[in-house]
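Remarks on the structure that follows.
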Amino acid sequence: MNAGRGAPRYAQVLLDVPVAEPLVYLAADADVQAGTRCVVPLGRGARVGIIVGTSGLSAIVPSRIKPITRSLDDTSPLSAHWLQLTQFAADYYQYGWGEVALPSLPRMLRTVPGARAARSFARLRESQVAPWSEATAPPVELTAEQAAAVEILNQATGFAPHLLFGITGSGKTEVYLSAIAQRLAGDANAQVLLLVPEINLTPQLESLVRARFRDQPVVAMHSNLADGERASAWLAAHEGRARIVIGTRLAVFCSLPHLSLIVVDEEHDPSYKGSEGVRYSARDLAVKRAQLLNIPIVLGSATPSLETWAQARTDRYRLLRLANRIGAAGATGEQPPIELIDARIHKPRNGLSEPIADALTATLDRGEQSLVFLNRRGYAPVVTCETCGWLSNCPRCSVFAVFHKPDRTLRCHHCGYTAPVPRACPTCGNQALKGVGQGTQRIEETLQVLLPAARILRIDRDSTRRRHAAQSALDAVHAGGVDVLVGTQMIAKGHDFQRMTLVVVLNPDSQLASHDFRAPERLFATLMQVSGRAGRSGMPSRVLVQTRFPAHPLFAALQRHDYAQFAETQLAERSVARMPPFTYQALLTAEAPSMEAALGFLRAAHAGGAEALSASEGAVRLFDPVPMTLQRVAGVARAQLLIEADQRPQLHAFLRPWLATLRLHRASPRWNIEVDPLQL
Ligand code: ADP
Ligand code: ZN
Ligand code: ZN
């Protein structure tokens, strides 16, 4: 870097620290470019920051401003668009700009480089993206519906949001791939970003994309990559070498200088909204990114989020429909019928009612595959003593510790507490403790007894802790080496099992009873998704749902496979009740040693907002602070305060000064703000 002559230059530098404004440093070069990474002193240490601007003036006493140690030229500067996107995200979700921008970079680009950094960057660039794949996947002949959707996407110019609303098995992926092919063919530099909700779904899609685009460099980006892999993928994208980036939510911030199309698969999936760290919605930011870049975006789903659906029905998003399932050999197939098994009449034994046991047996006899879905891992959700009523509470949380049979432990799924199952009741000494209720491990056991000859495989977070374990398990199912697949949410999504002709859903009832107003939307999406695993190859198939509430209206819509109608009734209810997407929410949560302290903080915050609230004339409302549904986690009490506004700008106008005041209170308990919370 040249030592600049003339007036001193002050650089605004983003760092990963909780401050609203960039920090000011003295720049040695007269024209340091915005977007350049640099090393700066902070406290006693050194940090990597990003220069976002320079000026000749500074409000701070010049003698107190430290110089930038050095700027980093191992990468070209981040673009103005990238800076704009991260700044928008920080403003919108109420974080410091640097708190969003820096964590979005791979670790190697945000830690102070050591002596060998230059060599490792060179190696990363060499190891990059061989555009080669063993498999081939020639383009298929599109159905008329697919062709129509692709045609519209190909014509799209400028900022053009689309909702690809297609039932499971209707061939949405093929539409994405054709649209991507068209973009890449039309512009030798064009890059495409393909977002998927879950890491487990990336390998399958990644190999399909690699096989289809054999001469194009493709990179994957998700949190399971090693540091080097992640940095290498990021560099390939940033330097324009990667043409297609497939990634999970964090990929929405990937630097892509020639981004010209964004695809968000399964756009309704809650995992696009993280529950830790910066709580941004990758789907919403993807739409914003498309708007900033003035490019098309397509959101795809069989069960769109009601937020997205509301945009499509008012034509702000263009609706593309795929109404038919693709059957064997390209013939359009039927959706399998969904049958409700009334668990009050057909009493389940060890979790399975008789009609379901019969159906599983018959499916095995025909040599076909079954899937049993139960969204509860472990063996039994709680252990109890029937003599004195003792329950296996987690000592640190307000939930039960779950019985895990393989290692005979009680485990808390929230704080990680693990202890051996006591031999006798800790209260009364009774030796006959009992596991109550069903988890996936117990259903697996029931299935082993029912179908001794069957090859049964369980997939849940416990069975797939090892790296790549989930993928090899799913590969086994695809290869036909599994007769019955039992598992949680992990098996509900995306997978395309060819000989799966029976889908069983156990105990959806707990979600029907939830207080969260989004519970029906989520349950409907999950049930549609699991049902969609059946009969994808056109073989006659069944879906059986075991429930104690067969008369629930949600099931009626589900049986008609009628998402649109379900969405309309949900939206009507929400409109009347003034709930999102007709209002805009934020959730302030506090964590403290006692519930009183957590609530006390929120009450004070509530009082502190009173003046601004009355100025808003009712357009912004604060609810009373209440304990969270999960009141205590790992010994910490948790409470929440809901903020609601009629319009989005009103919400933000209120939040900004209010939170700035809260930040000034040094002695407050830990708190967090979540804009557009998905879980209340
Ligand atoms: P969705 O994502 O909508 O659930 P997929 O994209 O997985 O559906 O497609 C379902 C199945 O149909 C896949 O096996 C896919 O390979 C196949 N498929 C998609 N489009 C066609 C087509 N035009 N002709 C033949 N098969 C197709
Ligand atoms: Zn007891
Ligand atoms: Zn716990």
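So this note's numbering is basically just the index in the sequence shown, starting at one, shifted up by 56.
Here a beta-carbon is modelled for each residue, glycine too, at the ideal position from N, C-alpha and C.
With a threshold of 7 Å, establish whether the CB of H470 neighbours any heavy atom of ligand 3. For ligand 3, at least one heavy atom lies less than 7 Å from the Cβ of H470.
Return no unless some Cβ of chain B is closer than 8 Å to the Cβ of S426. Structure shown: chain B not included; a single protein chain is present.
Three-state secondary structure (DSSP) of R688: In this structure, R688 counts as strand in the three-state DSSP scheme.
Give a single yes or no on whether N2 has its beta carbon closer than 7 Å to a heavy atom of ligand 2. Limits of the chain in this structure are 57 at one end and 736 at the other, which puts residue 2 out of reach.
At a cut-off of 7 Å, is C310 close to ligand 2 when judged by its beta-carbon and the heavy atoms of the ligand? C310 has its Cβ no nearer than 7 Å to any heavy atom of ligand 2.
Selection from C441, L466, I515 that minimises the alpha carbon distance to A480: The shortest C-alpha separation from A480 is found at C441.
Do A475 and L489 have their beta-carbon atoms positioned less than 8 Å apart in this structure? Their beta carbons are not under 8 Å apart, which means L489 does not touch A475 by this criterion.
Quick one: does the C-beta of A690 sit closer than 7 Å to a heavy atom of ligand 3? Remark: the shortest separation between the CB of A690 and any heavy atom of ligand 3 falls under 7 Å.
Whole runs of the alpha helix (DSSP H) within the stretch 413-500, excluding any shorter than 4 residues: Here no run is fully enclosed.
If you check the beta carbons only, do A653 and P725 fall under 8 Å apart? For A653 and P725, yes; Cβs fall inside 8 Å.
Can you determine whether any heavy atom of ligand 1 sits closer than 7 Å to the C-beta of G225, and answer yes or no? Result yes, Cβ under 7 Å from ligand 1.
Given a cut-off of 8 Å on the beta-carbon distance, is the pair R181 and L291 in contact? Their beta carbons are under 8 Å apart, which means R181 touches L291 by this criterion.
Check whether the Cβ of T685 lies closer than 7 Å to any heavy atom of ligand 2, and answer yes or no. Taken from the Cβ of T685, every heavy atom of ligand 2 lies 7 Å or farther away.
Cβ shell of T717 (< 7 Å), same chain only, five flanking positions each side left out: Taken in chain order, the residues that qualify are G664.
Reference P637; option with closest CA among Q260, R704, A575: Across the set Q260, R704, A575, the C-alpha of R704 shows the shortest separation from the C-alpha of P637.
Hey, how far is the Cα of D516 from the Cα of R598? Here the alpha carbons of R598 and D516 stand approximately 23 Å from one another.
Take every Cβ of the stretch 407-422, pair it with every Cβ of the stretch 493-507, and state whether three or more of those distances are shorter than 8 Å. Two segments are said to touch when three or more pairs of C-beta atoms, one from each, lie closer than 8 Å; by this definition the stretch 407-422 touches the stretch 493-507.
Identify whether P360 lies in helix, strand or coil by the three-state DSSP scheme. The three-state reading of DSSP puts P360 in coil, since its state is none of H, G, I, E or B.
Which of helix, strand or coil DSSP assigns to P97: Strand at P97.
In chain order, what residues of the same chain have a beta carbon less than 8 Å from the beta carbon of V334, not counting five sequence neighbours either side? The beta carbon of V334 sits closer than 8 Å to the beta carbons of A145, Y149, Y151, E155, V156, P159 from its chain, once the five residues preceding and following it are set aside; these are given in chain order.
Own chain residues within Cβ distance below 6 Å of Y336, not counting five before or after: Answer for Y336: A145, Y149, listed in chain order.
Quick one: Cα of W727 to Cα of L658, how far? So the alpha carbons of these two residues sit roughly 9 Å apart.
How would the residue list near ligand 2 read, in chain order, if you kept each one whose beta-carbon is closer than 5 Å to any heavy atom? With the cut-off at 5 Å, the residues found are C441, T443, C444, W446, C481, T483, C484, N486.
Same chain, Cβ closer than 6 Å to E332, five either side skipped, listed in chain order: Within the same chain, no residue comes within 6 Å of E332 by CB-CB distance, once the 5 residues on both sides are set aside.
Which residues DSSP lists as bridging H218, in chain order: Paired residue(s): V354, R374.
Where the beta strand (DSSP E) containing R704 begins and where it ends: First-last for R704: 704-720, but that is the alpha helix (DSSP H), not the beta strand (DSSP E).
Taking only three categories from DSSP, how would you classify I159? The sequence given here has Pro at residue 159, not Ile. If DSSP states are grouped into helix, strand and coil, P159 belongs with coil.
If you draw a straight line from the alpha carbon of D271 to that of A298, how long is it in whole angstroms? A direct Cα-to-Cα measurement between D271 and A298 gives close to 11 Å.
Three Cβ pairs or more, each shorter than 8 Å: is that satisfied between the stretch 304-321 and the stretch 193-208? The answer is no - the stretch 193-208 does not touch the stretch 304-321, with fewer than three Cβ pairs under 8 Å.
Pairwise C-alpha distance: Y640 and V96: Distance between the alpha carbons of V96 and Y640 is about 39 Å.
Indicate whether N449 and A436 have their beta-carbon atoms separated by less than 8 Å. The criterion of a C-beta distance shorter than 8 Å is not satisfied by N449 and A436.
Is the CB-CB distance between N486 and C444 below 8 Å? Yes.
Tell me the rounded alpha-carbon separation between T520 and L686. Cα to Cα, the separation comes out at about 26 Å.
Which residues mark the beginning and the end of the beta strand (DSSP E) in which Y66 is found? First-last of the beta strand (DSSP E) with Y66: 65-70.
Can you grab the Cα-Cα spacing for the pair E295 / S132, in whole Å? Their backbone Cα atoms lie some 8 Å apart in a straight line.
Have a look at T645 and N210 and give me their C-alpha separation to the nearest angstrom. Straight-line Cα distance between these residues: approximately 44 Å.
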